Structures are given as C-alpha cells and as structure tokens.
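Numbering follows our numbering, in which position 33 of the sequence shown is assigned residue number 37; successive positions increment by one, without gaps. Written out below as structure tokens is the structure these notes cover.
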Amino acid sequence: MPSAWNEAKIENVIISDNSISMKFKKEGNEIEIEITQENGDWEIHFDPSFYQFKSLKLNNNEIETVENKVISSSGKSISLTLTL
Numbered sequence: 005m006p007s008a009w010n011e012a013k014i015e016n017v018i019i020s021d022n023s024i025s026m027k028f029k030k031e032g033n034e035i036e037i038e039i040t041q042e043n044g045d046w047e048i049h050f051d052p053s054f055y056q057f058k059s060l061k062l063n064n065n066e067i068e069t070v071e072n073k074v075i076s077s078s079g080k081s082i083s084l085t086l087t088l
C-alpha cells in the first residue's frame, strides 16, 4: 500500500473458485493486514520487503527469518502484523 495510506479495504474479490477480502491498517509503528478467503486451500503470498520492519507476526506467531522475502500461508483467515 502507498506509505501515505493509513487504512484500506477490498472485499469479496472473486478469483476463480475463491472470494478474497483484505484489510490494511497502519497505526503508530504497526501495520496489520488481514486476509479472509472462502477457499482456505489457496496459499497467499506476502512480500513484506516494501517495509523496513523490526518484527513480523504471521497469525500471531513471531517469524524469525523471511526466506526469499516471501511469506506464504493458507487458511480461511490470515493475519500479518509488522512492527516498524
């Protein structure tokens, strides 16, 4: 998302056999991204390298290293929190 944006949301984007929604919120030194999808088998890929972050959590679990600058997860609800 553009660095000037503090909040954004897209809902019910239909892609093939899936419907995906995303919420982005930047508050203070944290960025929260929430993805929900109808088909939890789909794998979602995040590239957090756009931000210089101090810590990263995927579904409330601390991530120590990011291989190839991409984080992947599946499930009907996925959350990513970056502390800047």
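Glycine included, C-beta positions come from ideal geometry on N, C-alpha and C. What you are looking at is a predicted structure, and each value in this text was computed from that prediction instead of being measured.
Between S23 and E42, the gap from beta carbon to beta carbon is short of 7 Å. In terms of CA proximity to W46, S81 leads the group L60, S81 and S7. Judged by DSSP secondary structure, E42 falls outside any beta strand (DSSP E); it is assigned neither H nor E. Using a Cβ distance threshold of 7 Å, L88 and P52 do not count as a contacting pair.
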